[in-house]
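Residue 56 in numbering that gives the first Met the number 0 sits at position 57 of the sequence shown, and the numbers go up by one each step.
I have placed the structure first, in the form of C-alpha cells, so that the comments after it can refer back to it.
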Amino acid sequence: MAEDIFEKIFKDCKRYSIKELYNNYGIIPKEKGIYLVECPENFKVVFSDYPERELKINKYFYATDLADKYKRTSYNRILNIAKADIRKKGTALNKRIKELIECGYRKKDKHDGGQAIWQIQNNEQLFVCWETLDEINRKWNKTFDTAKDAKRALIDYFYNKYNEYPLANMEEQGRYKKHL
Numbered sequence: 000m001a002e003d004i005f006e007k008i009f010k011d012c013k014r015y016s017i018k019e020l021y022n023n024y025g026i027i028p029k030e031k032g033i034y035l036v037e038c039p040e041n042f043k044v045v046f047s048d049y050p051e052r053e054l055k056i057n058k059y060f061y062a063t064d065l066a067d068k069y070k071r072t073s074y075n076r077i078l079n080i081a082k083a084d085i086r087k088k089g090t091a092l093n094k095r096i097k098e099l100i101e102c103g104y105r106k107k108d109k110h111d112g113g114q115a116i117w118q119i120q121n122n123e124q125l126f127v128c129w130e131t132l133d134e135i136n137r138k139w140n141k142t143f144d145t146a147k148d149a150k151r152a153l154i155d156y157f158y159n160k161y162n163e164y165p166l167a168n169m170e171e172q173g174r175y176k177k178h179l
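If you want it as C-alpha cells, here you go:
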C-alpha cells in the first residue's frame with residue numbers, strides 16, 4: 000500500500016497544543032505553508048452546545064451538524080487542513096495560526112476557516128502542526144506555487160481517501176463553503 004501523504008509530509012513535524020502556542024507565536028515560521036489541527040491520541044471529541052471558556056462564536060456555530068459529520072468521517076485525527084500564504088506584512092504561517100487561536104480566545108473577531116474546532120470541549124488540548132510550502136513540495140515531490148494550491152491538493156487527497164472532508168473543512172456542491 001502506498002504511503003499516506005499526510006504521514007509523509009507531517010510525520011516528523013512537532014505538534015503543539017493550542018494552549019502551548021497561545022502567546023508563544025514566535026516558534027511558528029513566517030513562511031507560507033500548510034497547518035493542520037489534529038486530535039491528540041486518545042482524545043475524546045465531545046461537542047459543546049456552546050464553545051467552552053466563553054468561546055461563543057455564534058456566527059460560526061454549526062450546531063449538531065458537527066457531531067454527525069465527525070461520526071461519518073472514518074479518519075478523525077485531522078480536524079482541519081488550512082493554508083497560509085504570504086500576506087501584506089510578509090508573514091504567513093505565524094500570522095494565520097495566531098489569528099486562528101486568537102479568534103478562539105476572542106481576541107480577534109474573525110478568522111476565515113476552522114471555527115468548528117472551537118465547538119469541541121477542551122479544544123486547547125488540540126494539536127497544531129505545520130510544514131512550509133518548500134518542505135511540502137520537497138516531501139511530496141510536487142511544485143505548488145501557493146499554499147492555496149497545496150491545500151486544495153491535500154483536501155482532495157483526504158476526500159479521495161476517506162470520502163469525507165475533515166471536520167472543520169466545510170464543503171458544499173463541490174466547492175469549499177466560505178465561513179462567514
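The beta carbon of each residue, even a glycine, is placed where N, CA and C say it ideally should be.
Test item: CB-CB of residue i and residue j under 7 Å
{"i": "Leu166", "j": "Leu78", "result": "yes"}
{"i": "Ile8", "j": "Glu163", "result": "no"}
{"i": "Val36", "j": "Ile116", "result": "yes"}
{"i": "Tyr15", "j": "Val127", "result": "yes"}
{"i": "Ile135", "j": "Ala152", "result": "no"}
{"i": "Asn168", "j": "Ile154", "result": "yes"}
Same chain only: Cβ atoms within 6 Å of residue i, ignoring 5 sequence neighbours per side
{"i": "Thr90", "result": "Lys29"}
Residue from the options whose Cα sits closest to the Cα of residue i
{"i": "Lys18", "options": "Asp144, Ile96, Thr145", "result": "Ile96"}
{"i": "Arg25", "options": "Asn93, Glu37, Cys128, Val127", "result": "This sequence places Gly at residue 25; Arg is not what is there. The shortest C-alpha separation from Gly25 is found at Asn93."}
{"i": "Ile119", "options": "Lys87, Asn75, Lys141, Arg151", "result": "Asn75"}
{"i": "Asn41", "options": "Tyr15, Asp64, Leu125", "result": "Leu125"}
{"i": "Phe46", "options": "Arg105, Lys70, Lys106", "result": "Lys70"}
{"i": "Ile27", "options": "Ile100, Cys38, Thr72", "result": "Ile100"}
Own chain residues within Cβ distance below 7 Å of residue i, not counting five before or after
{"i": "Lys147", "result": "Lys82, Asp84"}
{"i": "Asp5", "result": "As written in the sequence, residue 5 is Phe, which differs from the Asp given in the question. Closer than 7 Å at the Cβ level, and outside the excluded window around Phe5, lie Ile77."}
{"i": "Arg86", "result": "Lys94"}
{"i": "Gly113", "result": "Val36, Asn79, Ala81, Leu99, Ala167"}
Residues bridged to residue i (per DSSP)
{"i": "Ser189", "result": "What the structure shows of the chain is the stretch from 0 to 179, and residue 189 is not part of that stretch, so it cannot be assessed."}
{"i": "Lys82", "result": "Ile33"}
{"i": "Glu130", "result": "Ile33"}
{"i": "Ile77", "result": "Glu37"}
{"i": "Ile119", "result": "Phe46"}
Same chain only: Cβ atoms within 8 Å of residue i, ignoring 5 sequence neighbours per side
{"i": "Asp3", "result": "Lys160"}
{"i": "Lys13", "result": "Cys128"}
{"i": "Asp144", "result": "none"}
{"i": "Ala66", "result": "Phe46"}
{"i": "Lys88", "result": "Lys94"}
{"i": "Asn57", "result": "Low confidence applies here, because Asn57 scores a pLDDT of 46, under 50, leaving its location unreliable and the question unanswered by this model."}
Assumed close pair residue i, residue j - CB separation to whole angstroms, cut-off 8 Å
{"i": "Ile80", "j": "Phe157", "result": "7 Å"}
{"i": "Asn121", "j": "Gly103", "result": "Going by Cβ atoms, the distance from Asn121 to Gly103 rounds to 12 Å, so no, they are not a contact pair."}
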